[in-house]
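Chemist:
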Amino acid sequence: MTDALQRRLGLTDAVVIGLGSMIGAGVFVAMAPAAAAAGSGLLIGLGIAAVVAYCNAASSARLAARYPASGGTYVYGRERLGPFWGYTAGWSFVVGKTASCAAMALTVGHYAWPRYAHAVAVAAVVALTAVNYRGIQKSALLTRVIVAMVLAVLAGVVAVLLRPGSVDVSALELGGDLTVTGVLQAAGLLFFAFAGYARIATLGEEVRDPARVIPRAIPVALGITLVVYVVVAVALLSALGGAGLAASAAPLADAVRAAGFPAAEPVVRFGAAVAAIGSLLSLILGVSRTTLAMARDGHLPRWLSAVHPRYGVPHHAEVAVGAVVAVLAAVVDLRGAIGFSSFAVLLYYAIANAAAWTLEPPRRRHS
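Taking the working numbering, the leading residue of the sequence shown gets 2, the next gets one more, and so forth.
The following block contains the structure:
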């Protein structure tokens, strides 16, 4: 038995894993609360969120090129700032993203079968843990399928909402409800929809030629995601208006109904469930790899650092993370899981940026 992971992911795989993390359930649920905060300034908030995400992504890309190992900011904080900050980043990621896993699993349940949301959430965690156990290539293949399905659903929705003669340009104009505070609140809400780019960096030890691939994969995935989010936001504003979007609990479903296509609602709900599955898959991958890195350094039980001799994955960490997430998904509520993860994730990103700032000037300019 070895604790070395196998480098099996290329550029396309890395980009798709990033897309699976970012084009997740957030595109189905984040627009409404962001519109409620920003009003007619939703697109400005989206732009600010994208800029902040890009700055964070640039930091992660530079650090991943320098330290191409599993663990992401746990490794970067340890190497650039010292063991304490690496330890803090590692625990922030493991705790925060484990809660995020539970939240995403419950999102799957609420979209797929609301009456039995907790049971569906647990089943989703078990199934995806089994996929991850069979190897990173299996996970990457499933992510490709999920991303293709979600993009197909979103393309269908956008085609319906932006068909010729149906676009309300006036809904995109800035109104009197625009405030700096509201725009910044919307940017904060939408930032977390972009945050999945870090999943690429946490898989650094499984990417071929990581010093070249990761700095390319992160901005490509982020750019594609931004285009998708802007197009969807424009379509929703055109169909529902700012006030209608802000008041909607399921904006894409409400938008296709308002456009005269109520039969498409089940397809939208299916797309949302699949998107949440994609996010959950990548979250479990990321948490298990950080768990592996911390176990190697003795911050977690060392048996969690074992790598399967056939599948080349940290199978003990995969199973342990899956078990904890399944228990959380069975007992917590969605709002509580999201709230618990927020502070820990923000601390994690703060350490990533601080670590990137310590790179020598040539490294800071490189992207």
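Glycine included, C-beta positions come from ideal geometry on N, C-alpha and C.
Remember, predicted model here, so these are calculated numbers, not experimental data.
#1: What's the C-alpha gap between residue 313 and residue 6?
#2: Between residue 349 and the rest of its own chain, which residues show a CB-CB distance below 6 Å, the 5 nearest in sequence each way excluded?
#3: Around the C-beta of residue 10, are 16 or more other C-beta atoms found within 10 angstroms, so that it is buried, or is it exposed?
#4: Looking only at C-alpha atoms, which of 39, 24, 166 sits nearest to residue 185?
#5: Is the beta carbon of residue 360 sitting closer than 8 Å to the one on residue 67?
#6: Look up residue 223 in the DSSP assignment and say whether it is helix, strand or coil.
#7: In terms of residue numbering, what span does the alpha helix (DSSP H) encompassing residue 276 cover?
#8: Would residue 159 pass as a contact of residue 269 if the rule is Cβ separation under 8 Å?
#9: Can residue 51 and residue 195 be called in contact, C-beta distance under 8 Å?
#10: Can you tell me which residues form a DSSP beta bridge with residue 10?
#11: For residue 13, does the count of other Cβ atoms within 10 angstroms reach 16, so buried, or fall short, so exposed?
#12: Which class does residue 200 belong to by DSSP, given the choice of helix, strand or coil?
#13: For residue 175, which of 98, 277, 126, 43 has the nearest alpha-carbon?
#14: Quick check on this structure: which residue in 15, 8, 20 has the alpha carbon closest to the alpha carbon of residue 230?
#15: Taking its Cβ as the centre, do 16 or more other Cβ atoms sit within 10 Å of residue 178, making it buried, or is it exposed?
#16: Would you kindly check if the distance between the Cβ of residue 307 and the Cβ of residue 316 is under 8 Å?
#17: Would you kindly work out how many angstroms separate the C-alpha atoms of residue 54 and residue 98, rounded to a whole number?
#18: Distance, Cα to Cα, residue 76 vs residue 238?
#19: Tell me whether residue 89 sits in a helix, a strand or coil according to DSSP, three-state version.
#20: So what's residue 80 in DSSP terms, helix, strand or just coil?
#21: Work out the CA separation of residue 122 and residue 294 for me, nearest whole Å.
#22: How long is the line joining the alpha carbons of residue 132 and residue 181, rounded to whole angstroms?
#23: Identify the continuous alpha helix (DSSP H) that holds residue 170 and give its terminal residues.
#24: Whose C-alpha, out of 8, 65, 240, 256, is nearest the C-alpha of residue 168?
#25: Return helix, strand or coil for residue 262, following the three-state DSSP convention.
#26: Can you check which of these residues, 151, 318, 63, 96, is closest to residue 345 by C-alpha distance?
#27: In three-state DSSP terms, what is residue 24?
#28: Measuring straight from C-alpha to C-alpha, what distance separates residue 204 and residue 135?
#29: Of the choices 8, 18, 29, 16, whose alpha-carbon is the least far from that of residue 277?
#30: Please tell me whether residue 246 and residue 36 are closer than 8 Å, where the distance is taken between their beta carbons.
#31: Could you compute how far the alpha carbon of residue 46 sits from the alpha carbon of residue 187?
#32: Could you check which residue in 15, 156, 235 has the C-alpha nearest to that of residue 33?
#33: As a quick exercise: from 215, 103, 64, pick the residue whose alpha carbon is nearest that of residue 354.
#34: What's the call for residue 15, buried or exposed, on a 16-neighbour Cβ count within 10 Å?
#35: At the level of alpha carbons, what is the spacing between residue 129 and residue 284?
#36: Closest by CA to residue 141, which one among 189, 208, 232?
Modeler: According to the structure shown:
#1: The residue labelled residue 313 in the question sits at position 312 within the sequence shown. The residue labelled residue 6 in the question sits at position 5 within the sequence shown. Approximately 6 Å between the Cα atoms of the pair.
#2: Residue mapping note: residue 349 aligns to position 348 of the sequence shown, counting from 1. Once the five neighbours on either side are set aside, the close Cβ partners of residue 349 are 74, 90, 93, 94.
#3: The sequence position of residue 10 within the sequence shown is 9, counting from 1. The residue in question, residue 10, is buried, as its Cβ has 16 or more Cβ neighbours within 10 Å.
#4: Numbered from its first residue, the sequence shown carries residue 185 at position 184. Just measuring C-alpha positions, the residue of 39, 24, 166 sitting nearest residue 185 is 39.
#5: Walking along the sequence shown from the start, residue 360 turns up at place 359. Walking along the sequence shown from the start, residue 67 turns up at place 66. Contact flag set, yes.
#6: Working through the sequence shown from its first residue, we reach residue 223 at position 222. Of the three classes helix, strand and coil, the one that applies to residue 223 here is helix, per DSSP.
#7: Against the sequence shown, residue 276 aligns to sequence position 275. For residue 276, the enclosing alpha helix (DSSP H) covers residues 266-297.
#8: Here residue 159 refers to the residue found at position 158 when the sequence shown is read from its first residue. Here residue 269 refers to the residue found at position 268 when the sequence shown is read from its first residue. Contact flag unset, no.
#9: The count along the sequence shown starts at 1 and reaches residue 51 at position 50. The count along the sequence shown starts at 1 and reaches residue 195 at position 194. Contact: yes.
#10: Locating residue 10 in the sequence shown gives position 9, counting from the first residue. Answer is 208, bridged to residue 10.
#11: Counted from its first residue, the sequence shown places residue 13 at position 12. Burial call: exposed.
#12: As a first step, residue 200 is located in the sequence shown; it is residue number 199 there, counting from the start. Reduced to three states, the DSSP call for residue 200 is helix.
#13: Here residue 175 refers to the residue found at position 174 of the sequence shown. It is 43.
#14: Counting from 1 along the sequence shown, the entry for residue 230 is found at position 229. Shortest Cα-Cα distance from residue 230 to any of 15, 8, 20 involves 20.
#15: Here residue 178 corresponds to residue number 177 of the sequence shown, with the count starting at 1. With fewer than 16 other Cβ atoms from the protein chains shown falling within 10 Å of its own Cβ, residue 178 counts as exposed.
#16: Against the sequence shown, residue 316 aligns to sequence position 315. Against the sequence shown, residue 307 aligns to sequence position 306. Their beta carbons are under 8 Å apart, which means residue 316 touches residue 307 by this criterion.
#17: As a working note, residue 54 is residue 53 in the sequence shown. As a working note, residue 98 is residue 97 in the sequence shown. Cα to Cα, residue 54 sits roughly 17 Å from residue 98.
#18: The sequence position of residue 76 within the sequence shown is 75, counting from 1. The sequence position of residue 238 within the sequence shown is 237, counting from 1. Straight-line spacing of the CA atoms in residue 76 and residue 238 works out to 42 Å.
#19: As a working mapping, residue 89 is identified with position 88 in the sequence shown. In the structure shown, the three-state DSSP call for residue 89 is helix.
#20: Residue mapping note: residue 80 aligns to position 79 of the sequence shown, counting from 1. Look at residue 80 here: in three-state DSSP terms it is helix.
#21: Locating residue 294 in the sequence shown gives position 293, where the first residue counts as 1. Locating residue 122 in the sequence shown gives position 121, where the first residue counts as 1. Roughly 27 Å between the two C-alpha positions.
#22: One-based indexing of the sequence shown puts residue 132 at position 131. One-based indexing of the sequence shown puts residue 181 at position 180. Taking the Cα positions, residue 132 is about 44 Å away from residue 181.
#23: One-based indexing of the sequence shown puts residue 170 at position 169. In the DSSP assignment, residue 170 falls outside any alpha helix (DSSP H) and carries neither an H nor an E.
#24: Walking along the sequence shown from the start, residue 168 turns up at place 167. Distance check between residue 168 and each of 8, 65, 240, 256 places 240 closest, using alpha-carbon atoms only.
#25: The residue given as residue 262 occupies position 261 in the sequence shown. Residue 262: coil per DSSP, three-state reduction.
#26: Locating residue 345 in the sequence shown gives position 344, counting from the first residue. For residue 345, the closest alpha carbon among the candidates 151, 318, 63, 96 is that of 96.
#27: Residue 24 sits at position 23 when you count from the first residue of the sequence shown. Coil.
#28: On the sequence shown, residue 204 is found 203 positions in, with the first residue counted as 1. On the sequence shown, residue 135 is found 134 positions in, with the first residue counted as 1. Residue 204 and residue 135 have their C-alpha atoms some 16 Å from each other.
#29: One-based indexing of the sequence shown puts residue 277 at position 276. Out of 8, 18, 29, 16, 29 has the C-alpha closest to the C-alpha of residue 277.
#30: Locating residue 246 in the sequence shown gives position 245, where the first residue counts as 1. Locating residue 36 in the sequence shown gives position 35, where the first residue counts as 1. In this structure, residue 36 lies closer than 8 Å to residue 246 by Cβ.
#31: If you number the sequence shown from 1, residue 46 lands on position 45. If you number the sequence shown from 1, residue 187 lands on position 186. If I take the Cα positions, the gap works out to 5 Å.
#32: Against the sequence shown, residue 33 aligns to sequence position 32. The shortest C-alpha separation from residue 33 is found at 235.
#33: Stepping through the sequence shown from its first residue, residue 354 is reached at position 353. Selected option, being the one with the closest Cα: 64.
#34: Residue mapping note: residue 15 aligns to position 14 of the sequence shown, counting from 1. Classification of residue 15: buried, given that the 10 Å Cβ count is 16 or more.
#35: Sequence index remark: in the sequence shown, residue 129 carries index 128 (1-based). Sequence index remark: in the sequence shown, residue 284 carries index 283 (1-based). Note on geometry: alpha-carbon atoms of residue 129 and residue 284 lie some 10 Å from one another.
#36: Numbered from its first residue, the sequence shown carries residue 141 at position 140. Closest by C-alpha distance to residue 141, out of 189, 208, 232, is 208.
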